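Participant: Got a structure here, written out as C-alpha cells. Questions coming.
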Amino acid sequence: MGEHEDWAALLLGQPPAADVADPEPVGAEEARRRLALLDVPEVDRADVLATLPTPSGTPELWAALVRCHQVLHADAVPSRAVVWPNAPASLGAAGRYFYVHLYLLALPGLLARHRALRVPYDVTVATARDVGAKVASYREYYGVGGLDRQTWLVRHFRATLFRLGRLQFDRAALAVEQYHAEAGGTGPKQGTPVLEVHIPGDGPMTPDLCDESFRLARPFFAEHFPDERYDHATCRSWLLDRQLADVLPADSNIVRFQRRFELFGPEPACDSDVLEFVFHLPPGTGDLARLPQDTTLQRAIVTHLRAGRHWRQGCGWVALA
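249 is the number that full-length UniProt numbering gives to position 249 of the sequence shown; each next residue is one higher, with no gaps.
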C-alpha cells in the first residue's frame, strides 16, 4: 500500500463506537456558518469547502472522517490519546485540511455537549474558536493552509477544556509520572482532580485578565461539573521557566504570571517550544541569526540560546480561591 492508503488504514483501524451517530454531509451554507463559529480565517474558508469530502465523491476520506468522528465523541476518558497522524503530502490541500473537516463535522456534537452541561454560549464560542487560531498558526508557520494540532483540539470537543476569559482550563488529574515529582506541601496529590492551565497566544496576559480567568474557574466547574471538585490548578509551560525572571522586568506580565505558582519538579529543555510560540516558527526551523529582536523577550531568548544555554519547561500549582 502507498502512504495515502497506509494513513487511511491507520485511521480506519481505530475501534468504532456504535452509539455515536455518523456525521451528515454538510451543505455549503451550513459549512460556512460552522467555519465562522470556529473562527477559521477567511483566507482558508474557500479551500476548506472545496476539499470537503463527501460519501459519493471521496468515499475513502469520508470513511476516515466518520471513524475519527466516532473516536472523538465516543471516549468519555479525557486523557485517552488518539492516534491521528498528519495526512501524507500526496493528498495536498485535502490532506492538510482533513482535520479542519473533522472538526467542522464534529461541531454539532460539541454544541450538544455544552448545551447538556448548560455552558454559557459565549464560553462555547470562545472555546471553539481555538480551531481557527490553530489554522491561522499553520498558515503563519508554513505559508499554506492546513491544521496540524488535531490532537490538541480533542479536549475541546470532549468538553474537558474550556476557555474562560484569557485562559483555558482543562479537567485533568495530577499524574506524578507526567510531572516527575510530587507537588509537595499543600499542593495537589497524585490522582486528585486539577485544572490544567493553558495560555492562548492571542493577546497580552495582563494580571487583571488572568485574575479574572482564575476567579471564574472554580465556580464554573462547580456549576457545570458538580460531581467533580477542583481545589488546584497546574501549569506546565516555558512561561514558568525561572530563568525568565532574571532577564525580564519584575513587573512584566510573564514574571507576574509565574509568581502565581508554586514551582516543583524537574525542568526539561524546551527551546523549540519557545521559538515556536515567541517567533511563530515550526519546531526545528529556528535560525538564530535571522530571528527578530524587537522586544525585550525576543532579545533575551536569542541571547540566552546564543550563549549555549537552554530554555526550560517549568511546572507549578496554585490553589483556587
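Glycine included, every Cβ here is placed at the ideal spot set by N, Cα and C. Quantities reported herein were computed from a predicted structural model and do not represent experimental measurements.
Tell me whether VAL43 is buried or exposed, calling it buried when 16 or more other Cβ atoms sit within 10 Å of its Cβ.
Facilitator: With fewer than 16 Cβ atoms within 10 Å of its Cβ, VAL43 is classed as exposed.
Participant: Below 8 Å, how does it come out for the region 290-307 and the region 225-234: are there three or more Cβ pairs, yes or no?
Facilitator: Flag = no, the region 290-307 and the region 225-234 do not touch.
Participant: CB-CB under 8 Å to VAL26, same chain, minus the five flanking residues each way: which ones, in chain order?
Facilitator: Excluding residues within five positions, the ones whose Cβ falls inside 8 Å are ARG34, LEU52, LEU104, LEU105.
Participant: Go through its chain and collect everything with a Cβ distance to PRO266's Cβ below 6 Å, but skip five positions before and after it.
Facilitator: Correct list, in chain order: HIS180.
Participant: Run through DSSP, which three-state label would PHE227 get?
Facilitator: As written in the sequence, residue 227 is Asp, which differs from the Phe given in the question. DSSP places ASP227 in coil when its eight states are reduced to three.
Participant: Should ARG155 go down as buried or exposed, given a rule of 16 or more other Cβ atoms within 10 Å for buried?
Facilitator: Answer is buried; the Cβ neighbour count reaches 16.
Participant: Do LEU263 and GLY184 have their CB atoms nearer than 8 Å?
Facilitator: Taking 8 Å as the Cβ cut-off, LEU263 and GLY184 do not qualify as a contacting pair.
Participant: CB of GLU196 to nearest heavy atom of the ligand MN: below 7 Å?
Facilitator: Only the bare structure without any ligand can be found here, which leaves the ligand MN out of the picture.
Participant: Enumerate, from N- to C-terminal direction, the unbroken alpha helix (DSSP H) stretches of 4 or more residues contained entirely within the region 268-320.
Facilitator: DSSP runs (the alpha helix (DSSP H)) wholly in the region 268-320: 271-279, 296-306.
Participant: Do SER137 and HIS4 have their C-beta atoms closer together than 8 Å?
Facilitator: Not a contact, by the Cβ cut-off of 8 Å.
Participant: Could you tell me whether the Cβ atoms of ALA133 and ASP39 are closer together than 8 Å?
Facilitator: Cβ distance < 8 Å, so ALA133 and ASP39 count as in contact.
Participant: With a threshold of 6 Å on Cβ separation, who are the neighbours of ASP170 within its own chain once the five nearest residues in sequence on each side are excluded?
Facilitator: Correct list, in chain order: ARG155, THR160, LEU161, GLU196.
Participant: Starting from HIS4 and walking both ways along the alpha helix (DSSP H), at which residues does that stretch end?
Facilitator: It spans 3-12 - the alpha helix (DSSP H) in which HIS4 sits, taken as one unbroken run.
Participant: Would a C-beta distance cut-off of 8 Å place CYS235 and GLY165 closer than the cut-off?
Facilitator: No, the Cβ-Cβ distance between CYS235 and GLY165 is not below 8 Å.
Participant: For the beta strand (DSSP E) containing SER237, list its first residue and its last residue.
Facilitator: Start and end: 232-237.
Participant: At a Cβ threshold of 8 Å, is ALA31 touching chain B?
Facilitator: Of the chains in the structure shown, none is chain B; there is only one protein chain.
Participant: Just to confirm, are VAL188 and ASP130 a CB contact at a threshold of 8 Å?
Facilitator: Correcting the residue identity first, residue 188 is Pro in this sequence and not Val. Not a contact, by the Cβ cut-off of 8 Å.
Participant: Please classify TYR99 as buried or exposed, where buried requires at least 16 neighbouring CB atoms within 10 angstroms.
Facilitator: With 16 or more other Cβ atoms within 10 Å, it is buried.
Participant: In the DSSP assignment, find the alpha helix (DSSP H) that holds VAL154 and state where it starts and stops.
Facilitator: Where VAL154 is concerned, the enclosing alpha helix (DSSP H) stretches over 154-157.
Participant: Going by CA-CA distance only, name the one from LEU281, GLU29, LEU11, LEU49 that's closest to LEU61.
Facilitator: Considering only alpha carbons, the answer is LEU11.
Participant: If we call anything under 8 Å between Cβ atoms a contact, is ASP251 one with ALA319?
Facilitator: No. Outside cutoff.
Participant: On the three-state DSSP scale, how would you describe PRO219?
Facilitator: PRO219: helix per DSSP, three-state reduction.
Participant: Closest to ARG215 by CA distance: which of ARG80, ASP6, PRO59, ALA321 is it?
Facilitator: Ranking the options by Cα distance to ARG215, first place goes to ALA321.
Participant: Of the residues GLY203, PRO204, THR206, HIS198, which one's Cα is nearest the Cα of ALA217?
Facilitator: For ALA217, the nearest C-alpha among the options comes from HIS198.
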